[in-house]
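In order, the protein sequences belong to chains A and B.
Here the working numbering is used: the first residue of the first sequence is 104, the next is one more, and so on.
Here the working numbering is used: the first residue of the second sequence is 104, the next is one more, and so on.
No residue lacks a Cβ here, since even glycine has one placed at the ideal position from N, Cα and C.
There are 2 protein chains.
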Amino acid sequence: MDRPGGAGTEGLRRDNTAAVLRSLRRRGPSTRAELAKDTGLAKATVGVIVADLQSAGAVAEEGSRPGVRGRPGRPVALRGEGVVALGLELNVDYTSAVVLDLAGQVVLSESRPGTGETADLLALARDAYTAAVGDDRRLVGATVAVPALVRGDNRTVAWAPNLRLDGAGLADDLATTLADLGAGPAPAVRVSNDANCAAYAESHHGAARGAAHALYLTGTVGVGAGIVQDGELVRGSAGFAGEVGHMPLGDASAVCGCGRHGCWEASVGLHAMLAEVQMVELDTPLRTAEAVAERAATDAGVRAGLERVGRGVGLGIAMLSSVLDPEVVVLGGYFVPLGDLVLDPARRTLDERLASEAQVRPELRLSTLGIRAAALGAAEQSLGPVLSGELDLTS
Amino acid sequence: MDRPGGAGTEGLRRDNTAAVLRSLRRRGPSTRAELAKDTGLAKATVGVIVADLQSAGAVAEEGSRPGVRGRPGRPVALRGEGVVALGLELNVDYTSAVVLDLAGQVVLSESRPGTGETADLLALARDAYTAAVGDDRRLVGATVAVPALVRGDNRTVAWAPNLRLDGAGLADDLATTLADLGAGPAPAVRVSNDANCAAYAESHHGAARGAAHALYLTGTVGVGAGIVQDGELVRGSAGFAGEVGHMPLGDASAVCGCGRHGCWEASVGLHAMLAEVQMVELDTPLRTAEAVAERAATDAGVRAGLERVGRGVGLGIAMLSSVLDPEVVVLGGYFVPLGDLVLDPARRTLDERLASEAQVRPELRLSTLGIRAAALGAAEQSLGPVLSGELDLTS
DNA sequence: TGACATTAGTTCGAGACTCGTACTTAATAG
DNA sequence: CTATTAAGTACGAGTCTCGAACTAATGTCA
């Protein structure tokens, strides 16, 4: 509710500067005149703001666009060489890093196998920093995505059943690592849930781009969700929203790893899927699913098993859709290699289960971002304060 | 993301004025010094803003508060006689009206039996306007709560199975009615879902006051929900979020009015409850539930039936909590007279079903606002633009 | 009782910002 | 080569916030 930039006239400038940045991010390189029209600011104001951003290194002029009558405008573009954010993911079997520039371009993207150790992550962070940030770019923030419950402060890990994490240790460690590397004015460090990060990435860069209301589901051993409403993540009171794996939904007969019956992931998690198709797990969920998809081409029994899984997926999406009314549902994780083998039955179940006649079935899409989704979303989250006016580049 | 007040320095003033109003609303009468501290504005600025609001009739000085050392402050309070909003509810068997002043005080509250006709509502609106608005108060907006799916534009009724409503007719009719009554600068007219309105009311005035993340559930023949996240309603892409009645959750054996199996309301709606306790429906859900509660005092069979219903309620809340992570869940409608007869088993089920060890069970409370909840929330929604700076009182 | 400390609120000038208008600049059309 | 069109800039007016200095009102304590 409060003004992001601050209450005085300087705050006003910050907010207007942020509006210019957002316009550039959304519409690409634009002339001052176009920016004025898009933001509603006066031409003169835009001129001053652009000059400030230019001398801060955040934007630069491009070659002019000729053609039409009249004096040609000189387009201004966000400058990737200026400002970047770092996104990281620490998972049980790999770590990823993405460096994202202000223009939304991925500058660096790297994944390494790992064992979930904080040290792995810090090493990767160091390498990514050296390779893609260095002394000439300004790092405005870093966010780590983790498969854990993270409190609303975006620092404190409350519960990480699969990682040895506790409290704000990870955030602090990363902060000191970055400080040691000499990252200028201490960049903001945050920790965030991996499904939330991936959801954010899908809504800004991936399959849900352009949808203000999206739901992201990732299938691994468990099932996680990230909810985007009005372009922002829904966090819940403690920061735990989107923990859909144990929704009491499926067969009462299905026993879940948590010891209870009827959890959704006991019907649609990786192990449930493997039981349906009577196959065994390989080294990663993705490779496992690829093997299943391959077998499905020739094995009707496997296809039938996936059909049952798909119906369970559809049932859960029906549930979530009636609560959240998303425009797009993106499926990631092991669902991606299975594609329509799972999505088609899910769509059919969903059609049968729409809450009312007026409701339109949300579009079901597959994630296009792959393994870097969470790291990318983490980076995008770190860019947030710049685009909202909370952080001032020009000072 | 955009500044609510506008981009120029006048917009800045509007936003700061709104901040002062919000502070007064939240903390009650305050001196200029207290306002300065709370809003972060300079004393001088607050002085000017308060003077403006005073001459606009929105605030007034109260008798001074003596006691402490130093010059005593002169508290300023929101002035109920100045600015009001109108909230209405059109339901199948009654209509309600609430007039709410800027200070959050209910100026008028009236309910009448009805038959769901638009004409009933317009008549009540006229009467409420004459009685509590008249020529001396300024009406800033009116909102009608309806048991229907309303699009995100807050005007268009998309689906109203129990009312004869269609499109934006209701909003237009109310607008012309108010215009005929001579309501100054045309007040904004909106239409909104009744459960959403009630949820908003509970989070601002009722059992969930102070909770930024709340979930409201109302039990009638169906079950509806309203979701508040970060103090704002979650609407979904089309405006249909919160349609929880047909979540595929309960026994597959329970047949729902919609023709499908397993809908939540087929287990916990009024008729399902009556079937469990083997009693018949009276004229309203509330009176029916009162009769059931009375019988439960002496009839163990009824208590057992309510226990089963309560477990179903708890299961649904477990589902919703794992998705939304609310701090408080408020139950309204027919659940209120049944109280702990339903809530206790619901709490037990919920405890068994929490998504993770780290999660804390949301508090389950009963609605305290009764039949006027929706109308009150509607009025509060109409007050929103004033408190956010979208609407300027001083011009 | 009277000087003093303390807190509230106002006055005033400086500084920052946006805006509209007028002006300059750079291209195309004829 | 001139007219036209549109982009960008310079400038002055108007609005706003802010801090410092100042005035006002009260309790404290000698």
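Residues of the same chain with a CB within less than 6 angstroms of the CB of A:P132, apart from the 5 flanking positions on each side, are E165, P178, A180 in chain order. The way I'd put it, the segment 471–485 of chain B does touch the segment 300–311 of chain B; three or more beta-carbon pairs between them come closer than 8 angstroms. In terms of beta-carbon proximity, B:E483 stays away from the interface with chain A, with every pair separated by 8 angstroms or more. Where A:D204 is concerned, the enclosing beta strand (DSSP E) starts and stops at 197–204.
In summary, B:R116 is buried, with 16 or more beta-carbon neighbours lying within 10 Å of its beta-carbon over all protein chains present. Between B:V431 and B:A311, the CB-CB gap stays under 8 angstroms.
Among the residues of chain A, none has a CB under 8 angstroms from the CB of B:H364; the nearest is roughly 10 angstroms distant. Straight through space, the alpha carbons of A:A461 and B:G270 are spaced by roughly 12 angstroms. Judged by DSSP in its simplified three-state form, B:Q157 adopts helix. Contact of B:R130 with chain A is not assigned, every C-beta pair being separated by 8 angstroms or more. Nearest CB-CB separation between B:G272 and chain A: not below the 8 angstroms threshold. At a cut-off of 8 angstroms between C-beta atoms, B:L115 counts as an interface residue with respect to chain A.
Interface residue (Cβ-Cβ distance to chain A less than 8 angstroms): B:E184 is not classified as such.
The segment 485–493 of chain A and the segment 106–126 of chain A touch, with three or more beta-carbon pairs separated by less than 8 angstroms.
Counting along the chain, B:L467 sits inside the beta strand (DSSP E) bounded by residues 466–469. DSSP, reduced to helix, strand and coil, places A:N119 within a helical segment of the structure shown. Using a 10 angstroms sphere on the CB of B:A369, the tally of other CB atoms reaches 16 or more, which defines it as buried. Straight-line measurement puts the Cα of A:G408 at about 28 angstroms from the Cα of A:N265. Chain-ordered, the chain B residues with CB closer than 9 angstroms to the CB of A:D428 read V337, R338, G339, S340, A341, G342, F343, A344, G345, E346. The alpha helix (DSSP H) runs lying completely inside the segment 220–244 of chain A and spanning 4 residues or more are 221–235, given in chain order. The DSSP assignment places 403–427 as complete runs of the alpha helix (DSSP H) inside the segment 402–430 of chain B, in order along the chain (cut-off: 4 residues). L418, A421, M422, L423, S425, V426, L427, D428, P429, E430: these are the residues of the segment 409–442 of chain A whose beta carbon lies less than 7 angstroms from some beta carbon of chain B, given in chain order.
Taking a Cβ-Cβ cut-off of 7 angstroms, the neighbours of B:G143 in chain A comprise A110, given in sequence order.
The C-beta of A:S424 has 16 or more other C-beta atoms within 10 Å across all chains shown, which makes the residue buried. Per DSSP, reduced to three states, the secondary structure at A:G207 is coil, with no helix or strand assignment.
Exclusion of the five residues before and after B:L284 leaves R229, Y232 as the residues of its chain whose Cβ lies within less than 7 angstroms of its Cβ. With contacts defined as CB atoms closer than 8 angstroms, A:L203 and A:A188 qualify as a contacting pair. In this structure, B:V162 lies near B:R182, with their beta-carbon atoms less than 8 angstroms apart. Distance from the CA atom of B:D386 to the CA atom of B:G436, rounded to whole angstroms, is 14 angstroms. Contacts between A:S459 and chain B, judged by CB atoms closer than 7 angstroms, involve L252, W262, E346 in chain order.
Distance from the CA atom of B:V412 to the CA atom of B:T321, rounded to whole angstroms, is 14 angstroms. When the beta-carbon positions are compared, A:L434 and A:L469 come within less than 8 angstroms of each other. Nearest C-alpha to B:M350 among A:D354, A:G419, A:S340: A:G419. Cβ neighbours of B:L252 within its own chain (closer than 6 angstroms, five residues either side excluded): A261, W262, F343. Annotation: A:S295 is outside any alpha helix (DSSP H); the continuous beta strand (DSSP E) that includes it extends over 291–296. Think of a sphere of 9 angstroms around the beta carbon of A:A315: the chain B residues whose beta carbon falls inside it are S340, in chain order.
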